[in-house]
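Student:
Residue numbers (this note's numbering), protein chains in the order written: chain E, 730 to 1210; chain L, 730 to 1210.
1. If you run the structure through DSSP and keep just helix, strand and coil, what is residue 993 of chain E?
2. Using three-state DSSP, classify residue 965 of chain L as helix, strand or coil.
3. Taking residue 903 of chain L as part of the beta strand (DSSP E), name the residues at either end of that continuous run.
4. Counting only C-beta atoms, is residue 1137 of chain E closer than 8 Å to chain L at any point?
5. Is the stretch 1020–1027 of chain E touching the stretch 1064–1072 of chain E, taking contact as three or more C-beta pairs under 8 Å?
6. Does the beta carbon of residue 1187 of chain E sit closer than 8 Å to a beta carbon anywhere in chain L?
7. Can you tell me whether residue 777 of chain E is helix, strand or coil according to DSSP?
8. Tell me which residue opens and which closes the alpha helix (DSSP H) that residue 1191 of chain E is part of.
9. For residue 955 of chain E, does the count of other Cβ atoms within 10 angstroms reach 16, so buried, or fall short, so exposed?
10. Along the beta strand (DSSP E) that carries residue 1114 of chain E, what are the first and last residues, could you check?
11. Thinking residue 1041 of chain E and residue 796 of chain E are a contact (beta carbons under 8 Å), I'd like their distance in whole angstroms, please.
12. Alpha carbon to alpha carbon, how far is residue 1010 of chain L from residue 1201 of chain L? Give it in angstroms, no decimals.
13. When the Cα atoms are used, what is the spatial distance from residue 750 of chain E to residue 774 of chain L?
14. Give the single residue among E:1014, E:1075, E:919, E:1046 whose Cα lies nearest to the Cα of residue 959 of chain E.
15. How big is the Cα-Cα spacing for residue 1085 of chain E and residue 1006 of chain E?
16. Mind checking which residues open and close the beta strand (DSSP E) that includes residue 877 of chain E?
17. Tell me whether residue 868 of chain L sits in a helix, a strand or coil according to DSSP, three-state version.
18. Pull up the distance between the alpha-carbon of residue 920 of chain E and that of residue 1148 of chain E, whole angstroms please.
19. What's the gap between the Cα of residue 1158 of chain L and the Cα of residue 1146 of chain E?
20. Pick out the complete alpha helix (DSSP H) segments inside the stretch 1029–1104 of chain E, 4 residues or longer, and give them in chain order.
21. Using the three-state DSSP reduction, which class does residue 849 of chain E fall into: helix, strand or coil?
22. Cα-Cα, which of L:950, L:1182, L:931, L:987 is closest to residue 962 of chain L?
23. Closer than 7 Å by beta-carbon distance: list the chain E residues that pair up with residue 1165 of chain L, in chain order.
24. Starting from residue 1007 of chain L and walking both ways along the beta strand (DSSP E), at which residues does that stretch end?
25. Would you be able to state if there are at least three C-beta pairs under 8 Å between the stretch 866–886 of chain L and the stretch 1124–1131 of chain L?
26. Need the endpoints of the beta strand (DSSP E) that residue 1163 of chain E sits in, please.
27. What does the Cβ neighbour count give for residue 856 of chain E, buried or exposed, with the cut at 16 atoms within 10 Å?
28. Just list the residues that DSSP pairs residue 1141 of chain L with in beta bridges.
29. Kindly indicate which residue of L:1116, L:1104, L:1054 has the alpha-carbon position closest to the one of residue 779 of chain L.
30. Taking only beta-carbon atoms, is residue 909 of chain L less than 8 Å away from chain E?
31. Could you list which residues in chain L have their beta carbon closer than 7 Å to that of residue 780 of chain E, in chain order?
32. Taking Cβ positions, are residue 972 of chain E and residue 944 of chain E nearer each other than 8 Å?
33. DSSP three-state call for residue 1024 of chain E: helix, strand or coil?
34. Within 10 angstroms of its Cβ, does residue 1152 of chain L collect 16 or more other Cβ (buried), or is it exposed?
35. I want to verify the contact list: residues of chain L whose CB lies under 7 Å from the CB of residue 1184 of chain E, in sequence order.
36. Give a yes or no on whether the minimum CB-CB distance between residue 794 of chain L and chain E is below 8 Å.
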């Protein structure tokens, strides 16, 4: 049986952000499947085996339980991160692939220090405690803390537009919510996260002494969400914290009634860089070992939680791909490599080390698949690639949709993953595992990102989806390099 | 803009149950979309508004919070069910549709009585308490309870095949798990639930004195799942309970080591039938009021929990469809009817009363959409219909896929819902809201089916999906009656 699909398509997109619109582009598609010789049946049979194994024999949930325990709070440079490197190395060693090794990289080492104290100070000195977490890479306030009046803004631009006299000496409170109207929560995140990443720098330029950011979630709850900030000018660094969305609502209400100050005390700091590692397992191909198919996630996670969804799930799913294909007695034609990247959260040092070495050595990654959107029910893959080869390559993999559709998987255009983005110049295809994302930002970068938030079957189905795509890529390759 | 889609398709199906196979049928599809006059853009714009309203203005999560509280444990015939009728009637009255009324139906009134006591009794009289729930419609053991040796089986057929001497006087333990290899958990449920529904009758025929059934879930945990049983012979009724899957595993292990008896004491009973109601809200169409589009769920739920997913979600989503379309200033051409059915769980009296009256009055339901698979992320709709019209009707609605796809919605062949199944003879289309079903049987028929298990956005997206399909059905109708 052979698939012949000819098509010309323009992907439909849901309009971004806050404006109400939907642009539908024309779709012309002629799709013909002709049964010829049984290959498609073989593929369907093997994929069914992948799924059945994933749902009954996979270690991925058990690994994740361990990883979120031994590697609890495994921010790059921490002892927990080192323990996570050891643990996953050991587990990969049990899988019987050709080699497992550590790729060194020097990572930043940010530590949170003592529990943050953040309080609203009302006229008359009444105080209200806020649920807060310092932002990653933030400096501390010093042990005495700081107190300053608060000014609320909704955007970086708003800060830029304010007279310096209004901002100077104040704590700037960024309170633009993630847009709940977005269907894709990652789009809502993308539309709000600039406040967390650049808010401190932009406020510092105007003389602010500190920053408070509304947590990045569509939920209204009491859970603060940390995440990284970037100081754009090393001489203008001010301390920054995230507060829960309920506290952000309260603070905003109070500001409508009276002047409000905030006391914040954080003792976070950046220690000297540490040696750390990407963990890599390689299963060499029998026919085309020079064509690499990568599966990966990032091993580091924020220090306050288990990193179960972000991104323990992506790590154990990538490990699980090797395990399942081994269990099924598969012999890859091409080289399958599982890479657990270090320091995605606050530096991307591991990803960069990997792709710089790979590009420098003129390796060819036929494809790379990253899972970093949580261990939720898979919906398919987003794909991107080099402009010179992408269309042809995507057309090829799009032929496999009939094999993916029974599992609720669809292919669409979109980003892949931060850690693999630098492999694009090798002109293979880059994929991101696409999952149901409605719940992701309930847990992202929090103390509640724990194993109990991950559903075992949903995790396993993601492993199966990745193993399926690896199988098809390995068997059929791509036409264009 | 106009859609012209010509296609001939055979739906792919994943093979059922325990054998490893996948049959892929040939797919021939030619799909052409041609932009002509803006209608599709209008539709896309309106659908986008539906989604934005659902995610920001819908009352459905708030209603569900109330319904799971005032109507906690709202099994048909109970005071909680009466309270749920009152509450939803009141809420529907606020929506400004043409009329809201109660359709009477006499429902069975089963009560659980005192907390079940179910214990393993080991040689030497040592006992182990089991987490158990009596099955709905079961008789009680009498206040003294019963004690009998246990025999484990895996199927109804196995009981049928056993000599009466082996079964007589025993408690039969049905322990065939839901098949974890099924991707669709409803298929796994369908493959195991005969033990719960018919197990007591089949065991009674062989002289058994009681039945213990492994709970219907793929999870291994401590939560027992109730659900209805059917006594096939009113003179051969024996008491039946479900135990948690962890307890089922333990019991099975113990039976491998020694003889095991079970003591069970249940005081459940069936009281005289009660008067109850379907709750119906109608918004009459301006152009074709005789063509009815129904949205619905069932209002009753098991007595031990909040019935948040099963089926409070379906009820509030159906109510939410009216609310959203009202908020958007929509004026339906056809009649939109929201129906909250009573007694789906242990009798289907409400559903039957509705369709018998409707068929008897020669009403025409152009379409009926039931949501009864939990308030999870929507994936589309399953559709069925009368053999004489289904193909043509389905072909028509399949043209709308390009409008649904941006929201991750797809149409596929499949069942609709128990409460609307009797409307098929009206030759319209019957739909079931299709959702991500991996987590449903973590909560189904349990004490943990509470509001906290429902994600607000996922619930709202289901409301939007239903409102979208209602909008398209109302605007374009169907070609065939």
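Backbone N, C-alpha and C fix where the C-beta goes; we use that ideal spot for every residue, glycine too. Model, not experiment: these values are computed from the prediction.
Tutor: Quick look at the numbers:
1. strand
2. coil
3. 900–903
4. yes
5. yes
6. yes
7. Helix at residue 777 of chain E.
8. The continuous alpha helix (DSSP H) containing residue 1191 of chain E extends over residues 1185–1205.
9. buried
10. Per DSSP, residue 1114 of chain E belongs to the beta strand (DSSP E) from 1107–1114.
11. 5 Å
12. 20 Å
13. For residue 750 of chain E, the predicted model reports a pLDDT of 29, less than 50, meaning its position is unreliable; a value from the coordinates is still stated below. Cα to Cα, the separation comes out at about 6 Å.
14. E:1075
15. 15 Å
16. 875–882
17. coil
18. 21 Å
19. 42 Å
20. 1042–1056, 1078–1089
21. strand
22. L:931
23. 1106, 1165
24. 998–1012
25. no
26. 1158–1164
27. exposed
28. L:1111
29. The shortest CA-to-CA distance from residue 779 of chain L to any of L:1116, L:1104, L:1054 is the one to L:1054.
30. yes
31. 912
32. Judged by their CB atoms, residue 972 of chain E and residue 944 of chain E are nearer to each other than the 8 Å cut-off.
33. strand
34. Buried, because 16 or more other Cβ atoms sit within 10 Å of the Cβ of residue 1152 of chain L.
35. 1167, 1168
36. no
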